Amino acid sequence: MKAHEHAAGTTIVVKIGSAQLAGSDGTLAKKRVDHFAERIVALAGKGHRMVLVTSGAVASGSGVIYRSRKPVTIPEKQAAASVGQITLMAEYLRAFALHGRTVGQMLLSEYVLRDRVSYLNARATLNELLANGVIPVINENDSIATEELKFGDNDYLGAIVACLVEADRYVILTDTEGLYRNYNDKKTRELISVVEKITPEIRSEVSGKTTKFSTGGMESKLRAMELVMRAGITGVIAPGAEDDVLLRIASGERAGTSFLPVEQGVSQRKKWILGNVHLRVKGSITVDRGAVTALVEKNKSLLPGGIIAVAGRFSLGDAVNIVDEKKNIVARGMVNYSNVEIAMIKGRRSSDIASILGSADYEEIVHRDNMALVE
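So for the sequence shown, the numbering used here puts the first residue at 34; every next one is plus one.
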């Protein structure tokens, strides 16, 4: 089945931003919660496996603690999230119960999902919930995490969740129609309906504007789309204000901007590498043309012979970018040797590793199973 074709029983991850849930004063709007719950239940009733990634805890708590003022400091945001998360989940529980549906809460963070074991545990929990007809409602653990509050309004977390459940589609509902060309010029502004590859031109189009009660901008959404495209998942940025937008997307209609997958059949391990390496790259390894060909066209591991240079400080198991001689990122992966060791054995044969380093635990610098191609 092609990425744009529809089939009953697909898995759809929907991310709803705080701007979609907040009223004009920034407090949680119950009517909006009811609206989205009704649409998600309708799709679940058609056989789709639905996962909801929600923002709104900070916005909800702000209305209780700070009234209409947006919290500024990290402690203020965390306090608002602590209060707001309870209110937010209570509203989801109520709204879905009206339709006879059970929801299950999961509080995740980018930091936790960097750990492979935690990632697999989260995946198992999500699959168990879905297998029992429960609709997972996922949010970041904003009350204790500082980095996540700056991260992009759950856009990227939603992309990782889409990888976790092997989603067919990842839909970000936002306050714009989608991704625009010439956004800042009203006369020439044009909606980009389909993106097959995120090019420098596409990157230059992102606005970066945020609303009063949202931390996410189009950059974070584009970054999330980049991940799901590489993971073999169709991404969509669509207008949350449009009444039937989710039903249209699920039925295969075009809505907003669709981001088509660039690779199919990506393994769960490589999805994890793509999602997490993007966050914590410790350095880079520059390789020659022969190595690029071996990695991209022949699906080979990275050997020391093709390495030209090393940058950054990293150790066994850390994540690095593998770049060509023009500094284009070719792949991301986890190394078997430190930057110091690689600098000593670069350009040499694998059979020389033991004599240079004193031992050779691995023949490869990065094994192909621990590597995900980027381009």
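Even glycine gets a Cβ: it sits at the ideal position worked out from N, Cα and C. The model shown is predicted, which means the values in this text are computed figures rather than measured ones.
Item: Checking 8 Å against the spacing of the C-beta atoms, do residue 288 and residue 271 come in under that value?; Value: yes
Item: Does DSSP classify residue 52 as helix, strand or coil?; Value: helix
Item: Helix, strand or coil: which one does DSSP assign to residue 136?; Value: strand
Item: Roughly how many angstroms separate the alpha carbons of residue 381 and residue 338, rounded to a whole number?; Value: 5 Å
Item: Can you check DSSP and say which residues form a bridge with residue 291?; Value: 227 and 269
Item: Could you tell me whether the Cβ atoms of residue 405 and residue 364 are closer together than 8 Å?; Value: yes
Item: Once the 5 residues before and after residue 267 are set aside, which same chain residues still bring their CB inside 8 Å of it?; Value: 36, 37, 201, 202, 203, 261, 291, 292, 293 and 294
Item: Spatial neighbours of residue 399 within its chain, please: C-beta separation below 6 Å, excluding the five flanking residues on both sides.; Value: 335, 366 and 368
Item: Here's the rule I'm using: 16 or more other beta-carbon atoms within 10 Å means buried, otherwise exposed. How should residue 223 be labelled?; Value: exposed
Item: Residues in the same chain with beta-carbon distance under 6 Å from residue 135, minus the five sequence neighbours each way, listed in chain order, please.; Value: 167
Item: Report yes if the C-beta distance between residue 302 and residue 147 is below 8 Å; otherwise report no.; Value: no
Item: Cα separation between residue 182 and residue 384?; Value: With a pLDDT of 44 at residue 182, under the threshold of 50, the modelled position of that residue is not reliable, and no figure is offered here.
Item: Give the C-beta separation of residue 121 and residue 95 to the nearest angstrom, bearing in mind that I take them to be a contact with Cβ-Cβ under 8 Å.; Value: Not confirmed; about 12 Å, so no contact.
Item: Can you give the Cα-Cα distance for residue 308 and residue 219, rounded to whole angstroms?; Value: 35 Å
Item: If distances are taken between C-alpha atoms only, which option among 378, 225 and 170 comes closest to residue 127?; Value: 170
Item: Can you find the residues in the same chain that come closer than 8 Å, C-beta to C-beta, to residue 333, ignoring five residues on each side of it along the sequence?; Value: 327 and 401
Item: Would you check if the distance between the CB atom of residue 142 and the CB atom of residue 174 is smaller than 8 Å?; Value: yes
Item: Check for me: the beta strand (DSSP E) holding residue 340 runs from which residue to which?; Value: 340-345
Item: Within 10 angstroms of the Cβ of residue 64, are there 16 or more other Cβ atoms? Answer buried if so, exposed if not.; Value: exposed
Item: Could you give the first and the last residue of the continuous alpha helix (DSSP H) run that contains residue 190?; Value: 188-197
Item: Starting from residue 160 and walking both ways along the alpha helix (DSSP H), at which residues does that stretch end?; Value: 149-164
Item: Sort 211, 331, 373 and 322 by Cα distance to residue 359 and report the nearest one.; Value: 322
Item: Counting C-beta neighbours from all protein chains within 10 Å, is the total for residue 350 16 or more, i.e. buried, or is it exposed?; Value: exposed
Item: Would you say the beta carbon of residue 321 is closer than 7 Å to some non-hydrogen atom of the ligand FMN?; Value: As far as ligands go, the structure on display features none, and thus does not contain the ligand FMN.
Item: Rounded to the nearest angstrom, what separates residue 343 and residue 362 at their Cα positions?; Value: 14 Å
Item: Look at the Cβ atom of residue 273, then the Cβ atom of residue 206, and state whether they are nearer than 8 Å.; Value: yes
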